[in-house]
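Take a look at the structure set out below.
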Amino acid sequence: MLTQAMANDFGQLVQLDDSDSGEGNRDSKIVSEKRLLGMDTVSLAARMLEIGEPAWRGPQLAEALYRQRIAEINDITTLPKLLRQKLIDQGWEVGRPRIAQVFQSVDGTERYLVQSPGNGLDLQTVETVWMPEGDEGESGDGTEPVDPDQELKAGEKKKWDRATICVSSQVGCAVNCQFCLTAKLGLQRNLTHGEIAGQVIAVLDRHGIEVGRDRVNLVFMGMGEPFLNYDSFMGAVRILVEEVGLSPQRMTVSTSGIVPGIERFALEPAEVRPKLAISLNAPNDKIREALMPINRKWPIAAVIDAVRGVKLRSRERITFEYVLLGGVTDQAEHAVEVARLVRRSGLPAKVNLIAWNPGPGIAYSMPLHEDVEKFRGTLAGEGIPTYVRRARGRDIYAACGQLKRTVEG
Ligand code: SF4
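For the sequence shown, counting from 1, position 129 maps to 129 in our numbering; every step adds exactly one.
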């Protein structure tokens with residue numbers, strides 16, 4: 001088995017096996033053995049044939065799992081009772097992750113502790129976030145703002161118009177960005193297709209979202225680096241697009257700059273490819289290396305080169321995510337450098353500025369409001385579409401870079 005090793009800032013070696021380079025997912029196969037969620041219609045049909053049932057049971061199962069969002073085999077009443085019992089007797093389960101705990105923010109954001117079925121809380125929980133009005137991260141993609149006075153109340157008909165679900169791809173993360181709480185966990189394990197898509201399905205269900213009627217954005221920006229769990233990430237995207245019916249143009253994946261992952265991503269067909277965001281966070285390699293050790297392996301120029309290979313749809317832009325750390329990355333000279341970097345890339349791009357969210361044990365400062373505004377003004381003055389992402393759910397540790405399981409055990 002191929003093994004890569006990446007030194008983190010503390011000199012430890014983080015082992016990245018071949019699943020991390022996107023060529024397989026050993027953990028996923030162990031975890032997902034008898035779970036239906038995560039299989040597409042074709043695989044479900046194949047499973048049915050294997051157990052002596054007609055292939056057309058496959059589409060029936062897909063309808064139940066992905067469109068009707070049924071969470072228990074026994075509740076799939078389109079299947080005969082005998083077949084349901086047969087599946088259960090053989091050890092099959094739907095395998096939908098369960099929302100084990102909900103933290104509600106004063107701003108309407110909800111942070112969920114999501115638990116994989118059949119497992120304890122320790123290594124099997126991730127965090128998923130629901131932002132009823134988004135966080136402005138999708139600004140510049142043609143969507144319209146909503147009335148900020150609208151609020152979602154339990155049991156009420158929906159009042160949001162442009163919700164965003166932030167999805168995790170790994171338990172913990174190996175990338176070790178110095179400003180990120182998730183990094184403190186290290187990488188615990190990869191999530192499976194079903195566990196990634198299942199987070200979305202569980203949240204769609206909780207909010208009674210009707211796919212096709214309600215507009216929902218997905219951002220793969222939760223715990224983990226999606227491109228270090230590439231097969232499961234893209235497997236989940238395919239399920240969400242082809243089976244659940246969500247549009248890839250309403251999905252954005254953010255990477256810290258995993259070049260082999262970006263190169264694979266560039267080959268994905270437009271029908272299933274989400275939009276791409278690069279987590280830039282620094283104006284040059286020197287500062288970026290100090291904040292994101294991954295930059296030693298793939299510096300900014302290499303990342304931008306790889307991004308150039310992605311064939312964008314008409315009007316699509318690459319997003320550069322930029323976390324502003326007070327006094328570290330938010331000064332006037334940094335803004336000038338970022339503007340130059342973005343212009344020189346030649347990419348149709350926009351910049352999302354994120355004022356850093358504080359977390360325990362991380363010694364950075366929030367940027368001053370006026371520095372954020374000046375930074376935005378400098379980039380905008382250079383003709384670069386620039387948006388300040390609203391801090392959502394800061395009070396419940398749901399804001400960007402704050403996700404870390406805080407209630408396990
Ligand atoms: S910012 Fe993203 S890539 Fe970096 S450590 Fe946190 S979760 Fe991982």
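Idealized CB from N, CA, C, for every residue including glycine.
{"query": "Could you check if Asn176 belongs to the surroundings of the ligand SF4, using beta carbon to heavy atom distance under 7 Å?", "result": "yes"}
{"query": "Please classify Ala387: does DSSP put it in a helix, a strand, or coil?", "result": "The residue you asked about is not Ala; residue 387 is Tyr in the sequence shown. Strand."}
{"query": "Buried or exposed: which applies to Glu127, given that a residue is buried once 16 or more other Cβ atoms fall within 10 Å of its Cβ?", "result": "buried"}
{"query": "Along the chain, where does the beta strand (DSSP E) that runs through Ser318 open and close?", "result": "The question names Ser, yet the displayed sequence has Ile at residue 318. Residues 318-324."}
{"query": "Which residue's Cα is closest to the Cα of Ala202: Leu37, His369, Tyr387, Gly91?", "result": "Leu37"}
{"query": "Count the other CB atoms within 10 Å of the CB of Ala290; is the residue buried (16 or more) or exposed (fewer)?", "result": "exposed"}
{"query": "Compare the C-alpha of Leu187 against each of Ser169, Pro358, Tyr364 and name the closest.", "result": "Ser169"}
{"query": "Once DSSP output is grouped into helix, strand and coil, what is the label at Ile209?", "result": "coil"}
{"query": "What distance in whole Å lies between the Cβ atoms of Thr125 and Ala100, which are believed to be in contact at a cut-off of 8 Å?", "result": "7 Å"}
{"query": "Quick check: the Cα distance between Val303 and Pro358, rounded to an integer number of angstroms?", "result": "27 Å"}
{"query": "Does any heavy atom of the ligand SF4 sit closer than 7 Å to the C-beta of Glu289?", "result": "no"}
{"query": "Pull up the distance between the alpha-carbon of Asn25 and that of Gly327, whole angstroms please.", "result": "In this predicted model, Asn25 has a pLDDT of only 41, less than 50, meaning its place in the structure is not dependable enough to derive any value."}
{"query": "Hey, quick one: how far does the beta strand (DSSP E) through Thr252 stretch, first residue to last?", "result": "251-255"}
{"query": "So what does DSSP say about Pro299, is it helix, strand or coil?", "result": "coil"}
{"query": "With a threshold of 7 Å, establish whether the CB of Thr182 neighbours any heavy atom of the ligand SF4.", "result": "yes"}
{"query": "Taking the beta carbon of Gly11 as the centre, do at least 16 other beta carbons fall within 10 Å, making it buried, or is it exposed?", "result": "Legend: pLDDT at Gly11 = 24, less than 50; position of this residue unreliable, value from coordinates given subsequently. Gly11 comes out exposed."}
{"query": "Less than 8 Å between the CB atoms is what I'm expecting for Pro97 and Gln115, so what's the real figure, rounded?", "result": "6 Å"}
{"query": "Give the list of continuous alpha helix (DSSP H) stretches no shorter than 4 residues that lie fully inside the region 330-373.", "result": "332-345"}
{"query": "Any idea if Arg389 is buried or exposed, counting beta-carbon neighbours within 10 angstroms, 16 or more meaning buried?", "result": "buried"}
{"query": "Under the DSSP definition of a beta bridge, which residues are partnered with Ala100?", "result": "For Ala100, which the question treats as bridged, DSSP gives no partner whatsoever."}
{"query": "Heavy atom of the ligand SF4 less than 7 Å from the Cβ of Cys173, yes or no?", "result": "yes"}
{"query": "With a 10 Å radius around its C-beta and 16 neighbouring C-beta atoms as the bar for buried, classify His369 as buried or exposed.", "result": "exposed"}
{"query": "Measuring only the C-alpha atoms, how far is Glu210 from Asn74?", "result": "23 Å"}
{"query": "Are the region 226-234 and the region 282-296 touching by the rule of at least three beta carbon pairs closer than 8 Å?", "result": "no"}
{"query": "When the Cα of Val237 is compared with those of Tyr66, Cys180, Glu93, Lys34, which residue comes out closest?", "result": "Tyr66"}
{"query": "Of all the beta strand (DSSP E) runs that stay within the bounds of the region 260-290, which reach a length of 3 or more residues?", "result": "275-279"}
{"query": "Taking the alpha helix (DSSP H) that Thr41 falls in, what are its first and last residues?", "result": "41-50"}
{"query": "With C-beta atoms as the reference, is Pro367 less than 8 Å away from Leu341?", "result": "no"}
{"query": "If you follow the alpha helix (DSSP H) that Gln85 is in, where does it begin and where does it stop?", "result": "81-89"}
{"query": "Report all residues from its chain with a CB closer than 6 Å to the CB of Pro348; omit the five preceding and five following residues, and keep chain order.", "result": "Arg317"}
{"query": "For Met221 and Cys180, which I take to be in contact (beta-carbon distance under 8 Å), what is that distance rounded to the nearest angstrom?", "result": "Not a contact, Cβ separation roughly 11 Å."}
{"query": "Any heavy atom of the ligand SF4 closer than 7 Å to the CB of Gly224?", "result": "yes"}
{"query": "Provide the residue span of the beta strand (DSSP E) that contains Phe233, from first to last.", "result": "Phe233 -> not in any beta strand (DSSP E); alpha helix (DSSP H) instead, spanning 230-238."}
{"query": "With burial defined as no fewer than 16 other Cβ atoms inside 10 Å of the residue's Cβ, what is the status of Trp356: buried or exposed?", "result": "buried"}
{"query": "Please name the residue or residues paired with Asp214 in a DSSP beta bridge.", "result": "Val211"}
{"query": "Under 8 Å, do Leu240 and Ala197 count as touching if we go by C-beta distance?", "result": "yes"}
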